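In the numbering used here, the protein residues as written are 1 to 148. C-beta: ideal position from N, C-alpha, C; glycine also. Small disclaimer: the values here were computed from a predicted structure and weren't measured. Below is one structure; the comments refer to it alone.
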């Protein structure tokens, strides 16, 4: 992770959103929701318009819609937010809760070790498996040229 606090938060929020809901629930079992937690925005499911660009630089176009769930929780002075793909409200709640706890400098090292690192390893394993699966179906094309 980068040393910049803003970039670090972007990275952990991305990791929490990309985690499998079951993996995140298992990782967060040891961290109980404190009594002073206030849900600023309970889980809300809606649609988000995906936009794309041809070649990455062309004019924008609407690619389609994706279902997202968002929520926000306040724990003390820290506010945790989450946007996750799909309609799993428990995933959004856990991600927002983890985001709020990770902002606490005293709890951050423990959460990083017991939550973020296992999620990072699981995500990397899924990416490696997908890469191996794609590589197995790779087709090499050869051109045969006739001599003159």
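Asked	Found
So what's residue 146 in DSSP terms, helix, strand or just coil?	coil
Can you list, in chain order, the residues of its chain whose CB lies under 7 angstroms from that of residue 81, leaving out five sequence neighbours each side?	72, 96, 99
Using only the alpha-carbon positions, how far apart do residue 1 and residue 47 sit?	Low confidence applies to residue 1: its pLDDT is 48, below 50, so where it sits in the model is not reliable, and the reading given next is rough at best. Approximately 30 angstroms, taken between the alpha carbons.
Give a yes or no on contact between the stretch 16–33 and the stretch 104–120, applying the rule of three or more CB pairs nearer than 8 angstroms.	yes
Can you name, in chain order, every residue of its own chain whose Cβ lies under 6 angstroms from the Cβ of residue 103, other than the five neighbours on each side?	78
Measuring alpha carbon to alpha carbon, tell me which residue in 68, 83, 142 is nearest residue 12.	83
Output the boundary residues of the beta strand (DSSP E) element that contains residue 45.	37–53
Which partner residues does residue 81 have in the DSSP bridge list?	72
Tell me whether the stretch 135–146 and the stretch 28–43 touch, counting them as touching only if at least three CB pairs, one residue from each stretch, are closer than 8 angstroms.	no
Tell me whether residue 1 sits in a helix, a strand or coil according to DSSP, three-state version.	For residue 1, the predicted model reports a pLDDT of 48, less than 50, meaning its position is unreliable and no value from the coordinates is stated.
Starting from the C-beta of residue 151, find all residues in its chain whose C-beta is less than 6 angstroms away, skip the five residues before and the five after it, and write them out in chain order.	This structure cannot speak to residue 151, because the chain is shown only from 1 to 148.
Kindly indicate which three-state DSSP category residue 93 falls into: helix, strand or coil?	helix
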